[in-house]
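Below is one structure, written out as structure tokens; comments come after it.
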Amino acid sequence: MSISEASVKKPVTALLVFIILSALGVYSIFNLNVDMYPEIDIPYLIVYTGYKNAGPEEVEASITRTLESSLSGLSGLKKMRSQSSTGLSLIILEMEYGTNLDAAANDMRDKIDMVRSYLPSDADTPLTIKLDPSMIPIMHLVLKGQRSSDELYDYASDIISPRLEQIDGVASAMIMGGRKKTINVDIPRDRLDAYGLTVSQVAQMIGAQNIQATGGNIKSEQLSYSVKTDGKFKSIEDVRNTVISYAMASSAGGAASGGIKKILLRDIADVYEGHEDGSTAAYLDGESSIMLLVQKQSGKNAVKTAANVRAALKNITESLPGDVEVIESSNTTDQIKRTIIEVFKSITEGMILSIIVLLIFLRSIKSTVIIGLAIPISFLITLFLMFLRGMTINMVSLGGMLIGVGMLVDNSIVVLENIFVYRERDAKPSVAATLGAQEMITSVVASTLTSICIFLPMIMLSSRLGFMGQLFNDLAFTIVFSLLGSLFVAIALVPVLSAKYLVLGKSSHINTHTLFGKLNRALGIFFEKMDGAYASSVRRILRHKAATVVVMIFIFLGAIFGAAKVGFIYMPEISSDTVTVKFELPKGTRLEVTEAYVQQMESIARQEIKGIKFSTVTAGGDSMLSSSATTNEGSLTLTLYPKAERQKGWDTDKTAKDKLRPYFTKFPGATITFGTNNNDTANSGISIDIKSNDLSLVAKTANQVMNLIKTQAADVVNEVTCDLEEGLPQLEIKLDRNRMYELGLNVASIGSEISGAINGLRASRYDDGGKEINIVVRLPEKDRAKVTDLDLIYVRNNSGTRIPLSNFAHTVKNTAPVTIFRENQSRIAHVTVKQVDGLSLGDVQNRIKDLIDKNILMEDDLNITYSGDLADMREAIMNFLAIIIMAIVLVFAVMASQFESFKSPFIIMFTIPLSFIGVTAIYGITRQRFSIMTIMGVLTLVGTIVNNGIVLIDQINILRKRGRALDDACVEAAGNRLRPILMSTLTTVFSLIPMAFFPGEGSESMQPIGLTIFGGMTFGSMMTLFLMPVVYNLFNRKNERARVKELKRIEEENA
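Going by my numbering, the first residue of the sequence shown is number 54, and it counts up by one from there.
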């Protein structure tokens, strides 16, 4: 018993099955995570090793190279990059997609352990990290009020951040701007000299008198008492009253001879509540503020997490003074929600357009309702299957549902049409439903398989596509789920509804005096005339087969030529309501200078850009890529009003960048890059990779390449940056080792004393009501402001004698390499170029390559290669071409199995290359450029365009078996199948109109898929209707002549 027969015999059971599936789909809607893109595993592992006070070259030689040598044999390793900077070695391992990262991380730790003994003894233990996309903040909160930034920082660190981190889904709330509170102990140099002390000595004595120690247990007759010595500071006065021991020297700089004396800390130092030296600063709309970056936990729903934060902020703000407020300056989930809503709107609009097409062709409300139900029910089944697979509701998965809207009704149309044939033969409703559905099961299953099998190679080879493979997996699975759902609806639900609940009426029974009746009659006349005109056209074309084929060949060649002119980009640019401008000043730039730069940038932006909701500024920050604060870096983020709230004349993210770029690129000494929240990584530009073991040669060549591009290719590029930074200004203290030996000094104590005098030493921690505050001992600002102050720093030797630095060292000004970059164990620099909008990546790279080839002298140890978007795009295209070829083979195999013939599938396959004519045409008309998303559209097109050919060729074969002549069979089959083909095509292309021509905010990346299918289906279906009869006729002329000859022979014999 078939599924159709069982459902007709047990309609209540069948309906209950679909009601349950629909309910599960509704349940899934509220329980699926929502995000902008699918959850993507980024196959990167990071090894982070600290080596305090070591320079970049020493870090490279003693740590980076050792670890690289061990890690180079890691299974699944694709590329290894490293950065060696002052005090830090950072190795980034790019693994092949599909690699088990947990297993790879374990192997990596084992390999590190094998060489751990070869690393310097004073280097930190290497820290291994797996890169996680959830590290990107989902919200930016700004704390502002009529308070100092230090007070605001205290509110942020004491109240807001801890409470935010308790919220479900929040991983961290990192603070930017302001400074941590400290207890500062500033000891003037003259007092240190007067009492024969050093900074490190005082720090040690403070730490020794701020401890809490256990003293064991004392047992009485009944109880046991634990003994505790509480020497912790209770107040800042306790710190000031710390006893400092000193020994007076007989002469300045001599040995101690006057005995041990004591004095209170307050007598030699200024002890006060202060703050650490600032390394970050934040501003909102020009006012100093504190920013909190909220990161979600891995695997958590970003939208729900942001909603939880918003709800909690209402209670948190009640704990703050009335003049202090928390402002949400940026929330990426708002863009996610707007994008998802826009895609849902497109799906709804596509459904409505498809149903209108059905109503026009079917001219029956009942029939339209039956078929139209396939769309929402198939979607609900799809959502349930997505839930079972652990997918998310995102722009890509919803895009798959939108692509499937028009295809979901095809199976139901075929089944219902055949049921109606049986009804017109006066079969009973249940018999017509059963037989009509059973007859078409093989056909609709084969049709569905041709649409589904194209995605099988992509799913199988997704690891070769890398990031794109993971992205498109959601699209593929969503389309497959929706098509399977529509198949199930067609063979199980449509028969039930047509037999039991919505009995079909005949068009002759319609009252022609009503508006619907008149419209129905008019449409009937129109379709009859259309059928006749089409049949006549096919007959005329069959008389000029050779001319028709020649014309199509020329059109196809023209399309190929036109495709070359369209241009290719990696990914379409996505609109956003934020514009981010990142800049970098020369290394060593003070935070105050960086602040002034970024505030000037903000001032220009507020003058030039219309429609700014918020402007946030950050200067400085702590980076995992550096061992020190990056006070030379900053960013300006403009939050624009969303499209729905944007007034006429206000700027978009694109116009804002175009306006600001001419101003910001003229800032002296600054490297500027533009981006948005959505596609900073989608368009990374062209990377010119300069390799050599000679670091000076790499630096020289990188500078030559940058200058060459800036002067001779400025018309095609708008950003040129290099990761090999200029040398860091440095004061190098040259030590006289012989003199040190004579004086009884060692390098470790010298380095510690210098660092303590300038940066301060953390002597201990002070408990301020449960909050630990650092006690920092240092020289006051006035005693460490000049280069000559270094010579006056004293170091105590082994015998306790204080010796000035000038006795055994001198200071030299120079520059130090900031970072040494390596790739696959070779030194490298990357010059990154971003092309002007509208230009082809390939053309720009060829222009740059020609310039470099003509102007850069290639030395023996120098190698220049190119990577970035174009290289990634070419690799992706080659992988996609392999997938498309595999898909075409699978489609051919399915059709060959259905027809039990190789000839018919071969004829149908002609529609695939001819549909590309429509793809090229639609891109030319809309002035869009090809992208990776276009190729995904082509892959989807391959599985859908052949279905119309299957319907037509199958009908021709049937008529020929009934004895029709070849030309007559082609003409009659074309007339019979015209309306089903048009109905199937128009439901598909009309449902794609919102995606192809009116993409919502943030969903522009899906537009090329819609355009590709729209153009390919429109033109490909025309080719099916007009060219397929011609091609079929040409391939079967020989058989037809043999048949005619045989008929004549039989007639002659009978005569």
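We treat Cβ as the ideally placed atom computed from N, Cα and C, and that holds for glycine.
With fewer than 16 other beta carbons inside 10 angstroms of its own, D283 counts as exposed. Non-local beta-carbon contacts of V865 in its own chain, meaning distances under 7 Å to residues more than five positions away in sequence, involve E785 and K787 in chain order. From the listed residues L518, V238, A322 and D527, the smallest Cα separation to G813 is found for V238. Taken atom to atom, the span from the alpha-carbon of L923 to that of R714 is near 23 Å. Pairing A355 with I191 gives a Cβ-Cβ distance under 7 Å. Judged by DSSP in its simplified three-state form, F621 adopts strand.
In this structure, the CA atom of I909 is about 45 Å from the CA atom of H193.
The three-state secondary structure of K132, taken from DSSP, is strand. Annotation for A76: no beta strand (DSSP E) segment contains it, though the alpha helix (DSSP H) segment containing it runs P64 to N84. Per the Cβ contact rule, the region 769-779 is not in contact with the region 844-864 (fewer than 3 Cβ pairs under 8 Å). K164 sits in a helix when the DSSP states are folded into three classes. In the DSSP assignment, L180 falls within the unbroken beta strand (DSSP E) covering L180 to K183. The DSSP-derived three-state label of R831 is strand.
Proximity to M227 across G990, V498, P482 and M188 peaks at M188, based on C-alpha coordinates. Looking at the backbone, the Cα of L412 and that of R1032 are separated by about 13 Å.
In this structure, P482 sits away from V61, with a CB-CB distance that is not shorter than 7 Å.
Taking C-beta separations shorter than 6 Å and ignoring five residues to either side along the sequence, the partners of E825 in its chain run R818, following chain order.
Where Q1060 is concerned, the enclosing alpha helix (DSSP H) starts and stops at Q1060 to F1088. Burial state of P625 is buried, judged by a 10 Å Cβ sphere holding 16 or more other Cβ atoms. Taking each of V1083, I264, I240 and G615 in turn and checking the Cα distance to V255, the smallest one comes out for I240. Put simply, the region 699-710 touches the region 661-671. At least three CB pairs are less than 8 Å apart.
Here K315 really is in contact with V296; their C-beta atoms are around 5 Å apart, less than 8 Å. In summary, Y325 is exposed, with fewer than 16 beta-carbon neighbours lying within 10 Å of its beta-carbon over all protein chains present. Looking at the backbone, the Cα of F607 and that of G1069 are separated by about 18 Å.
Membership of F933 in any beta strand (DSSP E) is not indicated; the residue belongs instead to the alpha helix (DSSP H) covering D922 to F952.
Taking a C-beta distance under 7 Å as the contact criterion, F1072 and G971 qualify as a contact pair. In the three-state reduction of the DSSP assignment, P958 falls in the helix class, which pools H, G and I.
Taking a cut-off of 8 Å for Cβ pairs, the region 1080-1088 and the region 1049-1066 do not touch, as fewer than three such pairs fall below it. When secondary structure is reduced to three states using DSSP, Q888 falls in the strand class. Taking a contact to require three or more Cβ pairs closer than 8 Å, the region 67-79 and the region 120-134 do not qualify as touching. Per DSSP, the beta bridge partners of K281 are T267. The beta carbon of T152 lies closer than 7 Å to those of P96 and G129 in the same chain, with the five residues before and after it left out. In the same chain as M911, and ignoring 5 residues on each side of it, the C-beta atoms closer than 8 Å to its own belong to I917, in chain order. One Cα belongs to K744, the other to L184, and the distance between them is close to 26 Å. Excluding its 5 nearest sequence neighbours in each direction, C1023 has C-beta neighbours in its own chain below 7 Å: V591, L595, I1009, P1082, Y1085 and N1086, listed in chain order.
About 15 Å separates the beta carbon of V396 from that of M444, a gap too long to meet the 8 Å contact definition.
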